[in-house]
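First up is the structure itself, then whatever we jot down about it.
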Amino acid sequence: MLRFIVRRLLWVVPTIVVVTFMVYCAVRIGWNPVASYERANPRASKAKLQQYRDVNGLYDGLGGYVKGYFQWLGNFVQGPDHWPRSIKGRASVWPPLRYSIFNTLRLAGISAVLGIGIGLTVGTLAARKPGGWFDSIANTTAFFIGAIPPFVSGVVLQLIFAVQLGWLPFAGVYPPGQQGFDLGLMAKHLILPVTVVAMQTISSYSRYMRASLLDVKSSDYVRTARAKGLSESTILFKHGVRNALIPVVTLLGIDIGGLLGGLIITENIFNYPGMGKYFIDAQTKGDFPLLMPYLVIIVISVLLFNLIADVSYAYLDPRIRLD
Amino acid sequence: MGAALLSLRDLRVSFNTPNGVVQAVRGVDLDVAPGEMLGIVGESGSGKSVTFLGLMGLLPSSAKISGSAKVDGVELVGAPNRVMRAIRGQKIAMIFQDPLSALNPVYRVGDQIVEMIQAHQDLDDKAAAVKAVELLDLVGISQPKDRARQYPHEFSGGMRQRVMIAMAIANDPDVLIADEPTTALDVTVQAQILEVIQRIQKEMHKAIVMITHDLGVIARVADRVQVMYAGRIVERASVDNLFAAPTHPYTIGLLHSLPRVGQERLLPIPGRPPNMLRPPEGCAFRARCEHAVPKCAVGLPELRRIGPSETACIRADELSLGVTA
Amino acid sequence: MTDSTDSLAAADAADIDALEALNVSILTPKQLAWRRYWHHKGAAVSTIIMMVLLVIVLAAPWTARYGINAQVAPPPDNVFMEPQKIAWFGTDAIGLDIYSRLIWGVRTSLFIGVASAMLSVVIGTAVGAVAGLRGGKFDDLMMRVTDLFLAFPFLVAVIILREFLGNVGWITAVIGEKTSIKFIIFLFAFFGWMGVSRLVRGQVLALKEREFIEAARAVGASNTRIVISHLLPNAIGPILVALTISVIGAIVGESTLSFFALGPQPGSNSTSLGKLIELSREGARQGNWWLVAFPCGALVLLAICINFIGDGLRDAADSKLDTGV
């Protein structure tokens, strides 16, 4: 197992380099960092502009892209102190990025735990009596919720609970002017965004778990378990759920992309200062020094989660051999 | 024959499907005596497996079961789950057709046997593990201690079936139901598995129900045989009589379709088994039977004694089936 | 008896052959698929709703009450009118009728969805068929590239690609400026084809091994011929499902981009569902519920109907459902 992880990690490194190089090229062509610098700083001197180009390695031509990429990469791996600064006001990149990462981790963590937890539970309960009343309600609800895009559920929840009823805050992490940490206020602000993200997760995981568990329940080994005279709960959890989780776990790893995408929308609706908001703000300004670290973190986390999914798959299913 | 250990009376199983009710088993009577090996033979779809899965309560919820099935005097049909759990694995244990899919792929073989033991015996983990290893040894698995720590996919087909057998006998059940235990295996391995099953029957004095479509298996191991067709028993005989003097045209058809030395070609039974959504009136076999007469379409033929056997063919006497053959 | 499992186990236990034999039918596969489709209640209702919507939307010049930029009443009283007689779904910030604009917007969005989905399917089928049939390097490359894109957060990938494609002169010359509807169609087709091609590739790989393809190859049919006359007809079910899913994918995608003001700017003489969804963001803040309810409702209705239709098509393509077990 360890050898597999090390080997995969060694393989991840060149993948990251190749993918981030492609992203680098796409960003340089797509956002034209020089032009957006000039837009952001219309009165910048020629020398300033040249300095910006040099620091960020914004050279022209194919060779220039390669050279510029490696210069950028060199700076990146040396740590945040060496990262080029934002085009606006030469602000450091790392503090706002770190802040947004923590905010996103909080939102994503709570939503994922709730969403996956509820989703798996609902799926399990639904599969206990396929066609029963719970199954019918759960399945239909999951189907309809799954068809609602997050920006729709977001604005609808805002309209109902924040504007019409006034029960919950409309957006943000704290009310304007709030100083310092306040758990209660923070929790209140998190309810709506968490609901939006969790709705999607519950919908997909409950359906996935249901299908997987039904598959397992019709398997011969569950019949064997029943023939042993085991209790229904032992059969359901030890032989049913345990085996049904194997394909669900792989979905978890692959799903990280979907979760991050959903967060971008949710964070922007609720003006929540997470990575998704960071990304949209950075991309609107074409802020090259801000965009690249974000995208690299996305690439790394996607690859990492795929690796985690593979490892846990092998851990859960002894038939899978890693070396 | 002493008092029956397992006795079925008019057992019926039907399935509700979107197309209608499928009558898979239509009134089966049979008795299993202690220590005997009872063969149940029939084509796929004859209801032979469904009968026993049904009495064990292992069929999906679309199955409806009626009639009576008693083990040691305890009624199983309609029994509450608590009773069924005590029966399963302790009074009656099952061996399934495909041991690869019948074992849970994610648990060690030893643990799966331990689970079976602890479901019915008050043994701690350690004692149960020791017992599991003994059982593996008993069914002829070498290095049982190491093998117990392996997963099902690390075993060969024959070895897996031995594991299933070890699991089945773990709680010293009265009756073992072997549902096509050798069908999924290679021919050479089949013989070994049959040997193990036979040894268990003889040494542990177990009643075994051997469900198979293979008359070869029946000839090898069974004491008595019940032939099933379209959800009913059509012939009941000792294994010697069945082969020497079959009394039902269906049994004769089955025997003719067996390869034999000196026989030029096999004679398969023409036609297909009947549609069990609408089982035919009268004898279910008559559409495929060369001896069928209009009388065969009237009333369900009951089993009746003819010579040493029992048959459900109304023309068995006049055709002198079972006397010559 | 037990509260277990579903129909698959029933089939298993009740001896599949017997049940399959029941399915004597004189309907052609096409008729069967048609029947399975309409058997799906959600799909049947959704089809009718979509037909009605389609008629309304295609007849927009007649069904929309006002022109796309017509104000329902003279300013300044015409802004943010609640739903009422002269404006069924209310008005927006500049006094335009939401009902009329929804019809025009859905018209545009359906066009975007269908055009983009068809483009996805054409490209995806071609690439997938070639990859599946030829295998080798091309296949590897295709799988790598699509893996990469599918693992990446969709929205990030779309935004990067939008900027990239929209900033390369010769590309925009072909697919239009990034604010045009044409560009959006191509943008989502670029993502859509990957899913389709993987699906077609999978189908091709599975079918390649089947006898009739080998037979066609044996009589000297060329690859193109095999693909067109054998593989595609067999893969048509899943391709149709992919097509419907791509339609709603592109419609939701357009709305998502519009939500971030990255969608098409079709000019003042046109609108899209996404442009109207943009309104709902401010609408929620200001409590103008009709600006949220109607555009969002329309989008969700489309999503649900198209998903149901996809579900129904999946059923129609699945001939296994007909055994009825």
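Line by line, the protein sequences are chains A, B and C. So the first sequence is numbered by the working numbering: it starts at 1 and just counts up by one. So the second sequence is numbered by the working numbering: it starts at 324 and just counts up by one. So the third sequence is numbered by the working numbering: it starts at 649 and just counts up by one. Think of the CB as a built atom: it goes at the ideal place given N, C-alpha and C, for glycine as much as any other residue.
{"Asked": "Partner residues on chain B for ASN139(A), Cβ-Cβ distance less than 7 angstroms", "Found": "Chain B residues near ASN139(A): none, gap ~18 angstroms exceeds 7 angstroms."}
{"Asked": "Any non-hydrogen atom of the ligand FAD closer than 6 angstroms to ALA309(A) Cβ", "Found": "Inclusion of the ligand FAD in the displayed structure is not the case, the ligand content being empty and no account of it being possible."}
{"Asked": "Helix, strand or coil at SER632(B) according to DSSP, with G and I counted as helix", "Found": "strand"}
{"Asked": "Residue from GLY412(B), ALA386(B) and ILE363(B) with nearest C-alpha to LEU230(A)", "Found": "GLY412(B)"}
{"Asked": "Listed by chain order, chain A residues near GLN413(B) by CB distance under 7 angstroms", "Found": "GLY229"}
{"Asked": "GLN294(B) vs PRO572(B) beta-carbon contact at 7 angstroms", "Found": "No answer is possible for residue 294(B): the residues shown for chain B start at 324 and end at 648."}
{"Asked": "DSSP state of SER212(A) mapped onto helix, strand, coil", "Found": "helix"}
{"Asked": "Length of the line joining the Cα atoms of MET699(C) and LEU758(C)", "Found": "12 angstroms"}
{"Asked": "Nearest residue (CA-CA) to GLY780(C), options ARG683(C), ARG849(C) and GLY743(C)", "Found": "ARG849(C)"}
{"Asked": "Contact under 7 angstroms by Cβ, VAL344(B) with ASN243(A)", "Found": "no"}
{"Asked": "Chain-ordered chain A contacts of THR904(C) [CB-CB under 8 angstroms]", "Found": "PRO149, PHE151 and ILE265"}
{"Asked": "ALA347(B): first and last residue of the uninterrupted beta strand (DSSP E) it sits in", "Found": "343-355"}
{"Asked": "Secondary structure of GLN158(A), DSSP reduced to three states", "Found": "helix"}
{"Asked": "Residue burial classification, ARG98(A) (beta-carbon count within 10 angstroms, cutoff 16)", "Found": "exposed"}
{"Asked": "Expected contact under 8 angstroms - CB spacing of VAL336(B) and VAL355(B) to nearest Å", "Found": "About 18 angstroms separates the two Cβ atoms, so there is no contact after all."}
{"Asked": "Cβ-based neighbour list, VAL23(A), same chain, cut-off 6 angstroms, excluding 5 preceding and 5 following", "Found": "LEU295"}
{"Asked": "Same chain only: Cβ atoms within 7 angstroms of HIS443(B), ignoring 5 sequence neighbours per side", "Found": "GLY412, GLN413 and ASN494"}
{"Asked": "Within-7 angstroms CB hit, TYR474(B) to chain A", "Found": "yes"}
{"Asked": "Nearest residue (CA-CA) to ASP310(A), options GLY240(A), LYS88(A), ILE254(A) and VAL152(A)", "Found": "ILE254(A)"}
{"Asked": "Contacts of PHE170(A) in chain C (Cβ-Cβ under 9 angstroms)", "Found": "ALA932 and ARG933"}
{"Asked": "Expected contact under 8 angstroms - CB spacing of GLY123(A) and SER206(A) to nearest Å", "Found": "4 angstroms"}
{"Asked": "Interface flag, ASP215(A) vs chain B, CB-CB below 7 angstroms", "Found": "no"}
{"Asked": "C-alpha gap between GLN473(B) and ILE235(A), whole angstroms", "Found": "21 angstroms"}
{"Asked": "Residue from PRO569(B), GLU641(B), VAL616(B) and PRO617(B) with nearest C-alpha to SER632(B)", "Found": "PRO569(B)"}
{"Asked": "Inter-residue spacing [alpha-carbon to alpha-carbon] between GLU366(B) and ILE531(B)", "Found": "20 angstroms"}
{"Asked": "Length of the line joining the Cα atoms of GLN200(A) and ARG929(C)", "Found": "20 angstroms"}
{"Asked": "Cβ of PRO631(B) within 7 angstroms of any chain A Cβ", "Found": "no"}
{"Asked": "Length at least 4, wholly inside the region 51-97 of chain A: the alpha helix (DSSP H) runs in chain order", "Found": "61-77"}
{"Asked": "DSSP-derived helix/strand/coil call for SER275(B)", "Found": "Summary: the structure shown does not reach residue 275(B), with chain B confined to residues 324 through 648, and so no result is reported for it."}
{"Asked": "Contact belief for ILE760(C) with ILE833(C) at Cβ below 8 angstroms, rounded distance in angstroms", "Found": "6 angstroms"}
{"Asked": "Cβ pair count under 8 angstroms reaching 3, the region 172-185 of chain A against the region 376-384 of chain B", "Found": "no"}
{"Asked": "Beta bridge counterpart(s) of THR340(B) as assigned by DSSP", "Found": "GLY343(B)"}
{"Asked": "Completely contained alpha helix (DSSP H) runs for the region 99-153 of chain A, where each covers 4 or more residues", "Found": "133-146"}
{"Asked": "Status (buried if at least 16 other CB within 10 Å, exposed otherwise) for ALA635(B)", "Found": "buried"}
{"Asked": "Residue span of the beta strand (DSSP E) that contains GLY594(B), given as start and end", "Found": "Element bounds for GLY594(B): n/a, residue is neither H nor E."}
{"Asked": "For VAL672(C), the three-state DSSP class (helix, strand or coil)", "Found": "A caution first: VAL672(C) carries a pLDDT of 44, below 50, which makes its placement in the model too unreliable to give a value."}
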